[in-house]
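Below: the structure, in structure tokens.
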Amino acid sequence: MASSTVGAQPSFSTLAISTNEPVVSVDWLHANIRDPDLKVLDASWYMPDEQRNPLQEYQVSCIPGALFFDIDGITDRTTNLPHMLPSEEAFAAAVSALGIENKDGVVVYDGKGIFSAARVWWMFRAFGHDKVWVLDGGLPRWRASGYDVESPGDAILKASAATEAIEKVYQEQMVGPTTFQTKFQPHLVWTLDQVKRNIQVKTYQLIDARSKARFDGVAPEPRKGINSGHVPESKCIPFPQMLDGSHTLLSREELEKKFGQEGISLDKPIVASCGTGVTACILVLGLHRLGKTDIPVYDGSWTEWATQPDTPLSTSER
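Going by our numbering, the letters in the sequence shown line up with residues 1118 to 1435, in that order.
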């Protein structure tokens, strides 16, 4: 069965898939999954109130050969903010511990369809690895297509090794050999100061992937002690608007319509934000399909912004 996204390929080649297209279909992955230069990552992660354990679910069933990428483990250990982008050295150590090399193509999936996988797709791109794609529809679409799952076996040890490698880097201890070289792309990662400056100069359109109720300040944030609301001058595009009912990425035409309806100009610079830097990457995924391949993410997002003593918070009148 041919893929509706990239077309059927007789064998895997990182040159055969356009990096301008951010997703691959389950049919394509099934046809190419045994290629040694293709690595598959389970990057499942869930909101705290969902009470789901992604590592436990991975241990029960995963796409054959998939490695587990721990979003809360492969993270910056110098901040209290959740799952922030780690240092180049730390990311290289963790990815090397997973057995990934620069020559590899990487396909990332999650247990919801398209959710946290987009975050890991963006992380690889932020560190200079463009041969990375999200599995369109994720594990639910894979299962619905009748494809096999398995328990990971010894692959679970690599997840632990990746987290240990991160810890060693931040403790300035020796780590194992590095098979993955990073090349940080600073234009894809925004800081608090850049967002502050943009409120004044208004060069970038800031789009927020959280729900409209949280954006408006009428629904609570999922993390205690954080007020809801939004960065002044920003606009709300809840991340589900990028997806159809089966959690696959909308077509170019549908995506263009969504952004247009919210008054977002695709001809002007855009930066994406959300609660903690995860779902913002789904907006970036949609924009990537539209040819906007240089969209930055405000990594600290609302959790950082709303906890600063001097940042302005806006709410919307209803």
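Even glycine gets a Cβ: it sits at the ideal position worked out from N, Cα and C. On a predicted model such as this, the values are computed, not experimentally measured, just so you know.
Would you say R1327 and W1419 are within 8 Å of each other, going by their C-beta atoms?
What you label residue 1327 is simply residue 210 of the sequence shown in a count that begins at 1. What you label residue 1419 is simply residue 302 of the sequence shown in a count that begins at 1. Yes, the Cβ-Cβ distance between R1327 and W1419 is below 8 Å.
Can the beta-carbon of L1172 be found closer than 8 Å to that of D1193?
Here residue 1172 refers to the residue found at position 55 when the sequence shown is read from its first residue. Here residue 1193 refers to the residue found at position 76 when the sequence shown is read from its first residue. No, the pair does not count as a contact, with Cβ atoms beyond the cut-off.
Using the rule of at least 16 other Cβ atoms within 10 Å of the residue's Cβ for burial, across every protein chain shown, is H1304 buried or exposed?
Counting from one through the sequence shown, the residue named residue 1304 turns up at place 187. Under this definition H1304 is an exposed residue.
Three-pair Cβ contact test at 8 Å for the stretch 1141-1149 versus the stretch 1248-1260:
Inter-segment contact for the stretch 1141-1149 and the stretch 1248-1260 is present: three or more beta-carbon pairs are separated by less than 8 Å.
Looking at the structure shown, is W1145 part of a helix, part of a strand, or coil, going by DSSP?
Here residue 1145 is taken as the residue at index 28 of the sequence shown, counted from 1. Looking at W1145 - three-state DSSP - the assignment turns out to be helix.
Given 8 Å, three or more beta-carbon pairs between the stretch 1339-1347 and the stretch 1367-1376:
no
What residues are listed by DSSP as bridge partners for F1185?
For the purposes of this step, residue 1185 is taken as the residue at position 68 of the sequence shown. Looking at the DSSP assignment, F1185 forms a beta bridge with D1159.
Can you list, in chain order, the residues of its chain whose CB lies under 8 Å from that of P1339, leaving out five sequence neighbours each side?
The residue given as residue 1339 occupies position 222 in the sequence shown. Hits under 8 Å: M1164, P1165, D1166 and G1392.
Contact between the stretch 1278-1294 and the stretch 1348-1367: three or more CB pairs below 8 Å?
no
Quickly, what does DSSP pair C1391 with across the bridge? List them, please.
Walking along the sequence shown from the start, residue 1391 turns up at place 274. Looking at the DSSP assignment, C1391 forms no beta bridge with any residue, so it has no partner.
Answer with buried or exposed for L1132, where buried requires no fewer than 16 other C-beta atoms within 10 angstroms of its C-beta.
Within the sequence shown, numbered from 1, the residue matching residue 1132 stands at position 15. Since pLDDT at L1132 reaches only 42, below the 50 mark, its modelled position is unreliable, and the value read off the structure follows with that caveat. So L1132 counts as exposed.
When you compare the CB positions of D1247 and L1155, do they come within less than 8 Å of one another, or not?
As a first step, residue 1247 is located in the sequence shown; it is residue number 130 there, counting from the start. As a first step, residue 1155 is located in the sequence shown; it is residue number 38 there, counting from the start. No Cβ-Cβ contact shorter than 8 Å links D1247 with L1155.
Return the residue from the list N1149, S1431 and S1135 that minimises the CA-CA distance to I1316.
One-based indexing of the sequence shown puts residue 1316 at position 199. Per the Cα distances, S1431.
CA-to-CA distance, A1243 to K1458, given in whole angstroms:
Outside the shown range of the chain (1118 to 1435) lies residue 1458, about which nothing can therefore be said.
Let me confirm a value: M1291 is counted as buried when at least 16 other C-beta atoms fall within 10 Å, else exposed. Which label applies?
Here the question's residue 1291 lines up with position 174 in the sequence shown. M1291 is exposed by the Cβ-count criterion.
Contact check, L1256 vs D1227, beta carbons under 8 Å
Your numbering for residue 1256 matches position 139 in the sequence shown. Your numbering for residue 1227 matches position 110 in the sequence shown. Cβ distance < 8 Å, so L1256 and D1227 count as in contact.
At least three beta-carbon pairs within less than 8 Å, the stretch 1235-1242 to the stretch 1174-1182:
Touching, no.
So V1306 packs on L1202, CB below 8 Å; how close in whole Å?
Here residue 1306 is taken as the residue at index 189 of the sequence shown, counted from 1. Here residue 1202 is taken as the residue at index 85 of the sequence shown, counted from 1. For V1306 against L1202, the beta-carbon gap comes to about 6 Å, under 8 Å, which counts as contact.
Rank S1213, A1211 and I1231 by C-alpha distance to the C-alpha of T1396 and give the top, closest one.
Numbered from its first residue, the sequence shown carries residue 1396 at position 279. Ranking the options by Cα distance to T1396, first place goes to I1231.
To which residues of the same chain is T1428 closer than 6 Å at the C-beta, ignoring the five residues directly before and after it?
Locating residue 1428 in the sequence shown gives position 311, where the first residue counts as 1. Contacts found: W1422.
Could you please give the first and the last residue of the uninterrupted alpha helix (DSSP H) stretch that includes G1403?
The residue labelled residue 1403 in the question sits at position 286 within the sequence shown. Taken as a continuous stretch (DSSP letters only), the alpha helix (DSSP H) holding G1403 covers A1397 to R1406.
Within the stretch 1209-1296, ranges of the beta strand (DSSP E) (whole runs, at least 3 residues):
Entirely contained in the stretch 1209-1296, the beta strand (DSSP E) runs reaching 3 residues are, in chain order, 1222-1226 and 1249-1252.
Starting from the Cα of A1278, find the closest Cα among D1325, T1196 and G1216 and give me that residue.
As a first step, residue 1278 must be located in the sequence shown, where it is residue number 161. Among D1325, T1196 and G1216, the Cα nearest to that of A1278 is on G1216.
Which residues does DSSP list as the beta-bridge partners of V1318?
Locating residue 1318 in the sequence shown gives position 201, where the first residue counts as 1. DSSP output for V1318 lists no bridge partner at all.
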